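**Student:** Following full-length UniProt numbering, the numbering of the sequence shown begins with 1 at its first residue and continues without gaps.
Glycine included, each C-beta is placed from N, C-alpha and C at the ideal position.
Since this is a predicted model, take the numbers as computed values, not measurements.
Pasting in a structure now, in structure tokens, and then I'll have a few things to ask.
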Amino acid sequence: MEPEELKAAWQALDRRLARHDRLNQELIRERKLERARAGLRPLFWGQVLQALLGIGLIVLGVACWTRNTGIPGLLIAGILVHAFGVITAVAACLTLALQASIDYSAPVLKIQKQTATLLRFYTVNANVCGLPWWIMWVLVVVAFAGLGEVDPQAGTGAWIWISLGVGVAGLLATWAYARIGKRQTGQPADADGCAMADGSHGIRRSQKLLDEIAEFEQE
């Protein structure tokens with residue numbers, strides 16, 4: 001074989017190997033991106049359920065306060081449940097919108113930024129819509145009670161004050177536990193126990209896969 005023919009053969013082989021490497025990289029990228037996308041499915045369904053819960057709370061709150069405009073306790077409970085339902089539903093819809101906005105055909109860096117934004121907002125969502133349930137469950141029970149016949153002269157039951165006290169104590173204990181845990185482990189502020197496992201854990205797994213893709217592409 002002539003030197004020129006040998007050189008051409010080596011060049012052709014190099015091109016085939018380079019093409020093979022590119023195909024392998026694309027295949028690995030697509031597989032990891034699909035796993036990253038699949039990891040967010042629990043978040044999707046969790047937020048759908050949260051939105052439905054928010055709508056239910058809105059209906060309950062409105063039904064309570066409109067029936068009891070002359071009873072301050074039930075009026076306030078109904079309005080608070082109504083407002084919390086709006087916050088719960090809106091937060092869920094915004095989380096779903098952020099998840100849907102992730103463009104998996106974009107460069108990995110952009111996907112990482114979009115996923116990080118989703119995680120930050122989801123953490124706020126989980127805290128704002130999760131922690132208050134230490135107290136909100138009492139108001140929900142009161143709102144349900146307000147759907148029936150209520151004596152306007154009846155005072156606030158002792159169990160309500162006791163339950164609210166326990167709820168406030170639980171809320172403060174949860175906050176303190178999260179703060180202590182973050183100081184001991186050095187985790188970022190969004191890595192507390194208030195973020196639900198079906199959401200934040202899935203987002204973090206997706207972030208890990210995206211980090212692996214970025215490292216692989218840099219090699």
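(1) Taking C-alpha atoms, which residue in Leu-49, Val-62, Val-108 lies nearest to Val-140?
(2) Check whether the segment 131–139 touches the segment 162–176, counting contact only when three or more Cβ pairs, one atom from each stretch, lie closer than 8 Å.
(3) On the three-state DSSP scale, how would you describe Ser-101?
(4) Which stretch, first to last residue, makes up the alpha helix (DSSP H) that contains Val-138?
(5) Nearest to Leu-118 by CA position, among Leu-27, Arg-16, Gly-202, Ala-214, is which residue?
(6) To the nearest angstrom, report how far apart Ala-145 and Leu-80 are at their CA atoms.
(7) Give the DSSP-derived three-state secondary structure of Ile-71 in the structure shown.
(8) Look at the alpha carbon of Cys-64 and the alpha carbon of Val-138, and state the distance between them as a whole number of angstroms.
(9) In this structure, does DSSP put Glu-212 in helix, strand or coil?
(10) Do Ala-158 and Ala-92 come within 8 Å of each other at the CB atom, strictly closer than that value?
(11) With distance defined between alpha-carbon atoms, name the residue in Trp-161, Tyr-177, Phe-44 nearest to Val-142.
**Tutor:** Looking at the atomic coordinates:
(1) Val-62
(2) yes
(3) coil
(4) 133–145
(5) Gly-202
(6) 15 Å
(7) coil
(8) 14 Å
(9) helix
(10) no
(11) Trp-161
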